[in-house]
Structures are given as C-alpha cells and as structure tokens.
Amino acid sequence: MILTSINKDSVCYPDRPPTVSVIIVNWNGKEYLPDCLNSLLKQSFTDFETILVDNGSTDGSIELLKNFYPWVRIMPLSQNTGFASGNNKGFACSHGKYIVTLNNDTRLEMSWLAELISAVENNPEIGMVASRICTWDNRDKIDSLGVAVCRDGMSRAYRRNALFSTLSLAKVEDILIPSACAALYRRKMIDEIGFFDDAFFAYCEDTDLGLRGRLSGWRAVLARDAIVYHRYSGSGGIFSPLKLYLVERNHFWVALKCFPLIMLLSLPFWTVTRYLLQIQIVLIRPRGAGIQFRNSSSCNLLKALLRGIIDMSKEMPSIFHKRRVTMSIRRISSKEIRILLKKYKLTFKELLDAS
Numbered sequence: 200m201i202l203t204s205i206n207k208d209s210v211c212y213p214d215r216p217p218t219v220s221v222i223i224v225n226w227n228g229k230e231y232l233p234d235c236l237n238s239l240l241k242q243s244f245t246d247f248e249t250i251l252v253d254n255g256s257t258d259g260s261i262e263l264l265k266n267f268y269p270w271v272r273i274m275p276l277s278q279n280t281g282f283a284s285g286n287n288k289g290f291a292c293s294h295g296k297y298i299v300t301l302n303n304d305t306r307l308e309m310s311w312l313a314e315l316i317s318a319v320e321n322n323p324e325i326g327m328v329a330s331r332i333c334t335w336d337n338r339d340k341i342d343s344l345g346v347a348v349c350r351d352g353m354s355r356a357y358r359r360n361a362l363f364s365t366l367s368l369a370k371v372e373d374i375l376i377p378s379a380c381a382a383l384y385r386r387k388m389i390d391e392i393g394f395f396d397d398a399f400f401a402y403c404e405d406t407d408l409g410l411r412g413r414l415s416g417w418r419a420v421l422a423r424d425a426i427v428y429h430r431y432s433g434s435g436g437i438f439s440p441l442k443l444y445l446v447e448r449n450h451f452w453v454a455l456k457c458f459p460l461i462m463l464l465s466l467p468f469w470t471v472t473r474y475l476l477q478i479q480i481v482l483i484r485p486r487g488a489g490i491q492f493r494n495s496s497s498c499n500l501l502k503a504l505l506r507g508i509i510d511m512s513k514e515m516p517s518i519f520h521k522r523r524v525t526m527s528i529r530r531i532s533s534k535e536i537r538i539l540l541k542k543y544k545l546t547f548k549e550l551l552d553a554s
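Structure representation (structure tokens):
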C-alpha cells in the first residue's frame, strides 16, 4: 500500500530548520521503500525533514518517490557511492539539530522518532541513540540493540536473536554504540568528530563513527521503546564476496583508527583465532552465512579475503593519519576505552552465532 497524503510538517522549510533530519540511503530498494516511508509519514513526532540519497538505482525508485512521496527530498546520484558517502552527502544538505540514519528496509512504530528525541533532548552528554531493532515479523525477537565489538575489531549487532521478553531494560539504557540501521546522532557531535568515513564505502562505518564518538567523551544510549522492524540485509544481501572483502578490510581500519595501542599489539593473534574458528564453523556445522560460504567458490572467497587484507595495508598511511586526528580530540583515556570495550564485549562465540 502506498500513502499519498503529505505530512507538511515533514517538509524542510528554509526559514524554519527542523529538529530532525532523517537520511535514507537507497540503492535499488524500490520494493522496500513503501513500508519504510509510509511508517515514517505516520510518526507522532512531525518536526523532521526526510532526505533520500539514491545511489544510482535502476529499479524505478526515483519514479516511485516522485509520484507518491513528494514530501521526500531526493538526492539522485549517478552511481553507487556506498552507505557511508551517501549519508555524508545527505548530511551536507541537512538542517536538523539531530541526524537520524535509517535503512530503507525498515518499518517503524508510530512513536519511534518521538522516543529517540525523548532520550536525547534533555541530556546534552548523549551524542548517539540506538533504536530497539526487531526482526521484520517478530516484535519479540531482537535484530539489534546497538553494536558490540570483538577483540579483533569485528563488530556485530548487540543482543541479536535475543527475546525482548527475557530482557530487563531501562527505558533509556547505556550501550557501547548504535547501529546506523536506525540511529540518532547529535549534530554537535558530528561537527566535532566528523560523520562517516567515506573510505569505508559500506559495513563497519557505524562502528568507526560510534567509537570515535565514545573516544571524544560522548555517551551512547538505547531508547528501549523506539521500535523498528528490519529485514536483515534486505538491500545488501546476507553474504557475497564483496561483503566479505569490505568487512575484512573495514574491521581492520576500525581497530587501527580507534583501538588503544595495547589492544593493537594483540590484533594479529585475535584475527588468526577468528579465522580458525570460522573455518571450523564452515566445515563442521555451517549455518547462516556459513552455509553460503560453503556453497561459494573457495577461490573467490580467498581472493576477496586477501584483497581485503591487501587493500587495508595499502591505506595504512592514511589510516594512521586518521588515527592521529581521532586521538588528538579524544577525552577519555586508553584505560577507559578498554573498560568500555570489555563491558560491552562481543565474544567469538556470539560473533559467529550472529553470522
């Protein structure tokens, strides 16, 4: 079903900047957009603008938006610039005090945006707010309550596959960092540390941004009642050699940019440990992405993995420059970030079970 009524309060008026700018990056997501935009249109909190950055879609997404969603500001791009760069382009023309990133393969409860604002509005130390992201067809099953990070820099959704009914959560709960699938970021924080790193293209860019925010002293919280339903990897696909390449390359960049030096020294050990565990999973009891690993060409997978490591290494000078910038504006000590990473740590078992 497509809604054609216009929520005029959702349109950005130049003389009255909105409280919130919602940025959606789309690439051939026409089939997902109606659910996402219809639920956005029904929000109880209406002081927001909607910016949709289209990464060169060829499936009729632009035509759908022009015909049925005239309240959405469209930024059509000629090619796929990735999730990170797409959000950055949207941010460049946004006006809101708060920036909300939203995946196109989501559906929102009516109070979602109001709950995000409620969590942050009177708490100036909070720079990031995570949504309670549920699986598409089960409100009780968790897709994400933020992001947790492993000792090798790899990250996954926090509490994925847990049942909400078994958890005891405060209305506003401290977390490590949010998932950019449906997250709010304070503009003041972004102005201070920058937004997404364009070089990442896609995957792990929200981990990098979140950790840079934490290093700069900003809090991150979960808004328990800001409920989103998500088709996991609806647009990106569960697994592909390209995804393997990007995740392997980018998780190294996260660690090199944000981890304390003492943790970097143990990075090779934990990386090799993860590789060995993943091989065991694929060969002995494959599931989820592991099944697709097993069904894919071993040559293509090895090429993607090696390419990720090689391309990561090529950018070392640039990454260490970015690390120096990050560390120059940090407000917490190496010990404090180690405590945070340990408090919200992701074990290898949880990492592999979530795959």
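If you're matching positions, the sequence shown starts at 200 in our numbering and goes up one per residue. For glycine and all other residues, C-beta sits at the position ideal for the given N, C-alpha and C. This structure is a prediction, so every number in the text was calculated from the model and none was measured.
Its chain contains A283, N449 as the residues whose beta carbon lies nearer than 6 angstroms to that of F399, once the 5 sequence neighbours on both sides are disregarded; these appear in chain order.
Between A347 and L375, the C-beta spacing is below 9 angstroms. Taking a C-beta distance under 9 angstroms as the contact criterion, L312 and S243 qualify as a contact pair. Looking at the DSSP output, I250 shares a beta bridge with I222, R272. Runs of the alpha helix (DSSP H) spanning 4 or more residues and lying entirely within the stretch 390-422 occur at 404-414, in chain order.
At a cut-off of 3 residues, the continuous stretches assigned as beta strand (DSSP E) that sit fully inside the stretch 322-391 are 325-334, 337-343, 346-348, 354-356, 371-373, 381-385.
When the five nearest sequence neighbours on each side are left out, the beta carbons in the same chain lying within less than 8 angstroms of the beta carbon of R418 are those of N322, E324, I325, G326, M327, D373, in order along the chain.
Y231 sits in coil when the DSSP states are folded into three classes, being neither helix nor strand. The three-state reading of DSSP puts R530 in coil, since its state is none of H, G, I, E or B. L301 has I223, A381 as its beta-bridge partners, per DSSP. Straight-line spacing of the CA atoms in E447 and R215 works out to 43 angstroms. DSSP, read as helix, strand or coil, puts D424 in strand. Proximity to K521 across S310, G393, F267 peaks at G393, based on C-alpha coordinates.
Counted as a single uninterrupted DSSP element, the alpha helix (DSSP H) harbouring D552 occupies residues 547-552. Contact between L232 and G255 does not hold, since the beta-carbon distance rounds to 15 angstroms and is not under 8 angstroms. When secondary structure is reduced to three states using DSSP, R430 falls in the coil class, being assigned neither helix nor strand. By the criterion of a C-beta distance shorter than 8 angstroms, M388 is surrounded in its chain by G326, M327, G412, S415, W417, once the five residues flanking it on both sides are discounted. By DSSP's assignment, L307 forms a beta bridge with V427. Judged by beta-carbon spacing, F519 lies beyond the 9 angstroms limit of C349, meaning their Cβ atoms are not closer than that value. Residues of the same chain with a CB within less than 6 angstroms of the CB of G507, apart from the 5 flanking positions on each side, are Y444, E447, R448 in chain order. Taking 9 angstroms as the cut-off, the Cβ atoms of D405 and S378 count as close. For S512, the closest C-alpha among the options A401, F451, L368 is that of F451. According to the DSSP assignment, R448 belongs to the alpha helix (DSSP H) that extends over 440-457.
In this structure the stretch 222-240 lies against the stretch 279-293, because at least three pairs of beta carbons, one per stretch, are closer than 8 angstroms.
Sequence-distant partners of Y543 (beyond 5 residues in either direction) whose C-beta falls short of 6 angstroms from its own C-beta, in its chain, are A347, L375. Here K544 is bridged, per DSSP, to V348. A residue is called buried when at least 16 other Cβ atoms come within 10 angstroms of its Cβ; C498 does not meet this threshold and is exposed. Measuring C-alpha to C-alpha distances from G409 to each of R306, F290, S354 identifies S354 as the nearest. By alpha-carbon distance to W335, the top candidate from D234, I461, K534, L240 is D234. Our two residues, I250 and L475, have alpha carbons roughly 43 angstroms apart in a direct line. Counting C-beta atoms within 10 angstroms of its own C-beta, V524 has fewer than 16 neighbours from the protein chains shown and is therefore classed as exposed.
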